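In the working numbering, the protein residues as written are 387 to 479.
Have a look at the structure below, then the notes.
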């Protein structure tokens with residue numbers, strides 16, 4: 387069985403060669419106040435944890451399409467290319 391190592395920033399994991407596109411599921415709950423701190427220039431990245439315990443250091447601008455009046459809340463899937471580039475961030479619920 388052959389595996390490829392996938393690296394995205396500080397995140398790395400192994401996927402089976404020829405397998406499907408790597409993805410992570412995460413529950414995000416960021417308050418409006420927290421987002422103001424992020425977009426107010428005090429931070430430009432958000433440290434998140436996936437359901438399986440992996441940490442993701444995500445550039446905050448990827449969350450902009452999902453901001454509501456109370457912040458960003460929901461279950462999301464992050465899809466990555468085989469070389470670790472973020473391809474999509476999709477709200478699942």
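Ideal placement from N, C-alpha and C gives every residue a C-beta, glycine not left out.
Note that the structure is a prediction, hence the values are computed from the model and not measured.
If you draw a straight line from the C-alpha of residue i to the C-alpha of residue j, how long is it?
i           : j           : result
residue 467 : residue 426 : 30 Å
residue 409 : residue 416 : 21 Å
residue 429 : residue 418 : 14 Å
residue 433 : residue 461 : 15 Å
residue 438 : residue 414 : 14 Å
residue 453 : residue 411 : 18 Å
residue 424 : residue 455 : 15 Å
Roughly how far, in whole angstroms, is the beta-carbon of residue i from the beta-carbon of residue j, given that I think they are within contact range, below 8 Å?
i           : j           : result
residue 458 : residue 449 : 5 Å
residue 475 : residue 464 : 6 Å
Compute every distance between the C-beta of residue i and the non-hydrogen atoms of the ligand NAP, then say whether any falls below 7 Å.
i           : result
residue 422 : No copy of the ligand NAP occurs in the structure displayed, which carries no ligand at all.
Given residue i, which residues of its chain have a CB within under 7 Å of its CB, disregarding the five upstream and five downstream residues?
i           : result
residue 393 : For residue 393, the pLDDT reaches just 39, beneath the cut-off of 50, and the residue's location in the model is therefore unreliable, although a value from the coordinates is still provided. The answer, listed in chain order, is 470.
residue 420 : 457
residue 431 : 443, 444, 445, 446
Identify, in the order they occur along the chain, each residue of the same chain with its Cβ nearer than 8 Å to the Cβ of residue i, setting aside the five sequence neighbours on each side.
i           : result
residue 473 : 407, 465, 466, 467
Tell me which same chain residues have a C-beta within less than 6 Å of the C-beta of residue i, skipping the five on either side of it?
i           : result
residue 334 : One cannot answer for residue 334 here, as it falls past the ends of the chain, which runs 387 to 479.
#### Entry: Secondary structure, alpha helix (DSSP H): runs of 4+ residues fully inside the stretch 394 to 470
418 to 423
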